[in-house]
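Peer 1:
Protein chains in written order, with the numbering used here: chain A, 1091 to 1356; chain B, 6 to 349; chain C, 1010 to 1316.
Next up, the structure:
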């Protein structure tokens, strides 16, 4: 009897979780379905066709934009996660020291600034820098994205760290492990779920940004969101659904690969 | 996460995309989204061996802010008529003298001596259009040549109307509907304008951009919107009809200009001359479905556009159209306040 | 004796220095690409507005700040509270709060579910939560319309089940905005919750049951206090961005009713009143910041108590 009683389960939680996943994927399912629509509409079904995949594969502007979005998101999320992990370690599990809460507020600041304000402010500052240096590459977008991604990576990592037992690291230090070794072998593995959550958040937040990108981008630097923004005044065709579907297929491929690698390990 | 891979790809991303397109034989165009015919660009690239980039914006204000800030790297932009005086006044434009170019003879006389650029010293017409009424005839069969459709809607249409989310176009129609002139600062009248909009808004379904999708599908029964989009809606659903508000409707024209800090001035000039060629202007219209302003371009246009009721203004409604001029800063501020009140 | 105390102090100082070094990269990036430019905005809020957007540089004016809360009546010049701004603020606060609660109600069980899966499958579930968000926000909101419009999946399903006869008009109402925001911000709640639940020590829960606590009591007295950091992080990540939401009210709400994000956007766009836009944003930020600082103080205090 006692062994059947699962201390982990909570009544109804599994049902709510399933409901949440259905909710998450229902719009995605319609999105994928309409990628195969024969008509020009994203709401009225006109039969099955692959024409939008063909059009998307011929539309260099969209492909460029999608690829650029991906590159920016990957670079920004990586840098933001590294910076946020360091910052989270520096601001948790400590007695209050001068400047601690100011630091906390400062790191979360990008979250609090309405996007359009950051966008206009960055436009003013970066355009001066562009004139001075003559450099107008993607670096500006990556830096801007990194900045607003940091709180999104920081908060989950911090939540993970808070209350995490420091005794393990102390034990490592007692065993003459260098701080770096202790970090790599003890802290980092313990932090892993937080880091993954933080990285994922940063990645999707960067992937979705419109307003800041719109103001910071230079010539030929449209991302998928800014490209789409330009389209909504006229008409959105299932072409964007086709691109999204291709993106989804790619990510599902990655997940599957990930799954098999993990299974091998365990 | 595999950190090494992530970091390596981030580094590659940095290196690979560090260079910008300021090389020789380049032209950087900054235009409204989904407004530039890819065919036109390809043709220009092949003819002059120039690499063209097109970057999008979604509002006149965004474009103005970015160009004014500098360091943008664009050569060409396409501002609307009511913003053009600001661009000229703030010294953002190069006086490229398109009126002295070879193909200028093709520009329709109507679009030469325009108030925002008399004699066309700075700009070349790109496309022009107007805001009017689009209606599903199956739902409503009365008079559609009036702004009453959305300001005093007949009961068949209540709750099925979509209005263009553009402050100036909506205020223009309302001011004219109540007998005023555009840019008026007559408080008495503006109060009525505000009250009229506050009264009418609950009868609307939305203020949205997705007209070409939802007017043909029947989600909307009436819209106040740009004519090109209503044309596209009619092509999908023949029950759609177009009306010209007799009380007054706003006209817009977007014109191509060269920026003062352009790096590729020669290519930009070639482009200006290029789009004044009737065949090329027809490519522009064929893509975005608005009229252009170049004589003789209609014979190259797709057949559905030649006699489209949305593009060819009937003579009795020609007078009601007016260019949406830029109002004085004080008046603009007043209008923004009214708009905030209406949308609170 | 004295040298030991000195040693401890030196150690302490070194520790603080190390902590500053560690947080330096994050602070630096934020300084360059968020706070620094923000100071420019702060300065702008005290300048006179330019005729066509921008500001009149160096020309001091308090008009922007004045207009955040007050307005001179357009028609008779009396000064009153800016009720348009206040009602937009109220709408935004209300909708954001409901969004936060709803994402918590859905996200908590979901995160718990993920955290109690076998170890090697947890990260797969995390991926599954975020995959829908790899597609662009605008495409997602269009897909969302497909679900909630009159002829959409939800209404058709309800009609087929005989729950309703007439379609529920959800599209272009506050419900649509709410629905959209819950959908879009859900992962911002689930992931931090998961990060803190994943380390739950189930021996504590077992101990709770051994002491004859019911499921609900275990949840309330043991699980929730233990994952509180996650709840707080998630709530911050949902609440604050939803205050400034821009695309969702515009597309799903039909653009008829503004939220704060739209109001600020208007000032920087066709409203051409940058100082007012800057002043509204800074007011909003200050409010959020104060709330956050109060929380950190309290958290630090209670943390110190627990040792």
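No residue lacks a Cβ here, since even glycine has one placed at the ideal position from N, Cα and C.
For residue 1311/A, would you say it is in contact with chain B, using Cβ-to-Cβ distances shorter than 8 Å as the test?
Peer 2: Your numbering for residue 1311/A matches position 221 in the first chain. Yes, residue 1311/A lies at the interface with chain B (some Cβ there is under 8 Å from its Cβ).
Peer 1: In chain A, what lies closer than 8 Å to residue 70/B by C-beta?
Peer 2: What you label residue 70/B is simply residue 65 of the second chain in a count that begins at 1. Correct list: 1210, 1213 and 1305.
Peer 1: Nearest-angstrom Cα distance between residue 1267/C and residue 1022/C?
Peer 2: Here residue 1267/C corresponds to residue number 258 of the third chain, with the count starting at 1. Here residue 1022/C corresponds to residue number 13 of the third chain, with the count starting at 1. Cα to Cα, residue 1267/C sits roughly 50 Å from residue 1022/C.
Peer 1: Just checking: is the beta-carbon of residue 1204/C within a distance shorter than 8 Å of some beta-carbon in chain A?
Peer 2: Taking the third chain and counting its residues from 1, the one referred to as residue 1204/C is at position 195. Closer than 8 Å: yes.
Peer 1: Going by other Cβ atoms of all chains shown within 10 Å of its Cβ, with 16 needed for buried, is residue 1266/A buried or exposed?
Peer 2: Position 176 of the first chain, counted from the start, is the residue given in the question as residue 1266/A. Its Cβ having fewer than 16 others within 10 Å, residue 1266/A is exposed.
Peer 1: Could you pull out every residue in the same chain whose Cβ sits closer than 7 Å to the Cβ of residue 1194/A, ignoring the five residues on either side in sequence?
Peer 2: As a working note, residue 1194/A is residue 104 in the first chain. Cβ neighbours of residue 1194/A beyond the five flanking positions: 1181.
Peer 1: So residue 1114/A is in the alpha helix (DSSP H); what residue range does that whole segment cover?
Peer 2: For this step, residue 1114/A is matched to residue 24 along the first chain. Element bounds for residue 1114/A: 1103-1125.
Peer 1: Spatial neighbours of residue 201/B within its chain, please: CB distance less than 8 Å, with the 5 preceding and 5 following residues excluded, ordered by chain position.
Peer 2: Along the second chain, read from residue 1 onward, the residue named residue 201/B stands at position 196. Once the five neighbours on either side are set aside, the close Cβ partners of residue 201/B are 156, 179, 182 and 183.
Peer 1: Quick one, which of 73/B, 89/B, 93/B and 127/B has its alpha-carbon nearest residue 106/B's?
Peer 2: By 1-based counting over the second chain, the position of residue 106/B is 101. For residue 106/B, the nearest C-alpha among the options comes from 127/B.
Peer 1: Going by beta carbon distance, what residues of the same chain come within less than 6 Å of residue 1143/A, once the five residues before and after it are set aside?
Peer 2: Numbered from its first residue, the first chain carries residue 1143/A at position 53. Only 1332 meet the Cβ criterion.
Peer 1: Compile a chain-ordered list of the residues in the region 1124-1140 of chain A whose CB is closer than 9 Å to at least one CB of chain B.
Peer 2: If the cut-off is 9 Å between Cβ atoms, the region 1124-1140 of chain A has 1129, 1130, 1131, 1132, 1133 and 1134 near chain B.
Peer 1: Where do the N-terminal and C-terminal ends of the beta strand (DSSP E) with residue 248/B fall, by residue?
Peer 2: As a working note, residue 248/B is residue 243 in the second chain. From DSSP, the beta strand (DSSP E) with residue 248/B extends over 245-248.
Peer 1: Ordered along the chain, which non-local residues of its own chain (more than five positions away) have a Cβ less than 6 Å from that of residue 316/B?
Peer 2: To locate residue 316/B, count along the second chain from 1; it is residue 311. So the qualifying residues of the chain are 296.
Peer 1: Any idea if residue 1014/C is buried or exposed, counting beta-carbon neighbours within 10 angstroms, 16 or more meaning buried?
Peer 2: Along the third chain, one-based indexing puts residue 1014/C at 5. By the neighbour-count rule (16 or more Cβ atoms within 10 Å), residue 1014/C is not buried but exposed.
Peer 1: Distance, Cα to Cα, residue 277/B vs residue 1150/C?
Peer 2: Stepping through the second chain from its first residue, residue 277/B is reached at position 272. Stepping through the third chain from its first residue, residue 1150/C is reached at position 141. Approximately 38 Å between the Cα atoms of the pair.
Peer 1: For chain A, check one thing: does any of its Cβ atoms lie closer than 8 Å to the Cβ of residue 193/B?
Peer 2: By 1-based counting over the second chain, the position of residue 193/B is 188. It does not; no Cβ of chain A falls within 8 Å.
Peer 1: By Cβ distance below 7 Å, which residues in the same chain neighbour residue 1202/C in space, the five residues on each side in sequence not counted?
Peer 2: Counting from one through the third chain, the residue named residue 1202/C turns up at place 193. Excluding sequence neighbours, residue 1202/C sits near 1116, 1117, 1120, 1236, 1239, 1240 and 1243.
Peer 1: Measure the CB-CB distance between residue 1131/C and residue 1207/C and report whether it falls below 8 Å.
Peer 2: Taking the first residue of the third chain as 1, we reach residue 1131/C at position 122. Taking the first residue of the third chain as 1, we reach residue 1207/C at position 198. Yes, the pair counts as a contact, with Cβ atoms nearer than the cut-off.
Peer 1: How is the beta strand (DSSP E) around residue 1204/C delimited, first residue to last?
Peer 2: For the purposes of this step, residue 1204/C is identified with residue 195 of the third chain, where counting begins at 1. Not the beta strand (DSSP E): residue 1204/C falls in the alpha helix (DSSP H), residues 1183-1206.
Peer 1: For the alpha helix (DSSP H) that residue 174/B lies in, which residues bound it at each end?
Peer 2: On the second chain, residue 174/B is found 169 positions in, with the first residue counted as 1. 172-182 is the span of the alpha helix (DSSP H), which, as asked, contains residue 174/B.
Peer 1: Can you have a look at residue 1169/C and say buried or exposed, based on whether 16 or more other CB atoms are within 10 angstroms of its CB?
Peer 2: Counted from its first residue, the third chain places residue 1169/C at position 160. Result: exposed.
Peer 1: In whole angstroms, what separates the C-alpha of residue 350/B from that of residue 339/B?
Peer 2: Residue 350/B lies beyond the stretch modelled for chain B, which goes from 6 to 349, so this question has no answer here.
Peer 1: What's the C-alpha gap between residue 3/B and residue 1217/A?
Peer 2: Residue 3/B falls outside the range modelled here, since chain B spans only 6 to 349, and no answer is possible.
Peer 1: Would DSSP call residue 1311/A helix, strand or coil?
Peer 2: Residue mapping note: residue 1311/A aligns to position 221 of the first chain, counting from 1. Three-state DSSP puts residue 1311/A in coil, outside helix and strand.
Peer 1: Is it buried or exposed for residue 1221/C, if we count other Cβ within 10 angstroms and need 16 for buried?
Peer 2: Taking the third chain and counting its residues from 1, one reaches residue 1221/C at position 212. Counting Cβ neighbours within 10 Å, residue 1221/C comes out exposed, since fewer than 16 surround it.
Peer 1: If we define contact as Cβ-Cβ less than 8 Å, is residue 226/B a contact residue for chain A?
Peer 2: As a working note, residue 226/B is residue 221 in the second chain. For residue 226/B, the answer is no, since every Cβ of chain A falls outside 8 Å of its Cβ.
Peer 1: In whole angstroms, what separates the C-alpha of residue 1039/C from that of residue 1234/A?
Peer 2: Here the question's residue 1039/C lines up with position 30 in the third chain. Here the question's residue 1234/A lines up with position 144 in the first chain. Rounded to the nearest angstrom, the two C-alpha atoms are 9 Å apart.
Peer 1: Do you know whose CA, among 1152/A, 1344/A and 1290/A, lies nearest residue 1239/A's CA?
Peer 2: Stepping through the first chain from its first residue, residue 1239/A is reached at position 149. With distances taken between Cα atoms, residue 1239/A lies closest to 1290/A.
Peer 1: Determine contact between the region 1203-1223 of chain A and the region 1267-1275 of chain A, defined as no fewer than three beta-carbon pairs at a distance below 8 Å.
Peer 2: Verdict: no, contact absent.
Peer 1: Of the residues that make up the region 78-91 of chain B, which ones have a beta carbon closer than 7 Å to any beta carbon in chain C?
Peer 2: Answer set for the region 78-91 of chain B: 91.
Peer 1: Going by alpha carbons, who is nearest to residue 1177/A out of 1099/A, 1270/A, 1197/A and 1128/A?
Peer 2: The sequence position of residue 1177/A within the first chain is 87, counting from 1. Ranking 1099/A, 1270/A, 1197/A and 1128/A by Cα distance to residue 1177/A puts 1197/A first.
Peer 1: Any beta-carbon of chain A closer than 8 Å to the one on residue 222/B?
Peer 2: Numbered from its first residue, the second chain carries residue 222/B at position 217. True, the Cβ-Cβ gap to chain A drops below 8 Å.
Peer 1: Using a C-beta to C-beta distance shorter than 8 Å, which residues of chain B count as neighbours of residue 1321/C?
Peer 2: The structure shown does not extend to residue 1321/C, since chain C is modelled only from 1010 to 1316, so the question has no answer here.
Peer 1: Just to confirm before moving on: does the CB-CB distance between residue 318/B and residue 326/B stay below 8 Å?
Peer 2: Position 313 of the second chain, counted from the first residue, corresponds to residue 318/B. Position 321 of the second chain, counted from the first residue, corresponds to residue 326/B. It is a contact, given that the beta carbons lie within the stated cut-off.
Peer 1: From which residue to which residue does the alpha helix (DSSP H) around residue 344/B run?
Peer 2: Counting from 1 along the second chain, the entry for residue 344/B is found at position 339. Start and end: 334-347.
Peer 1: Using alpha carbons as the reference points, say which of 1076/C, 1079/C and 1054/C lies closest to residue 1067/C.
Peer 2: One-based indexing of the third chain puts residue 1067/C at position 58. The option with the nearest alpha carbon to residue 1067/C is 1054/C.
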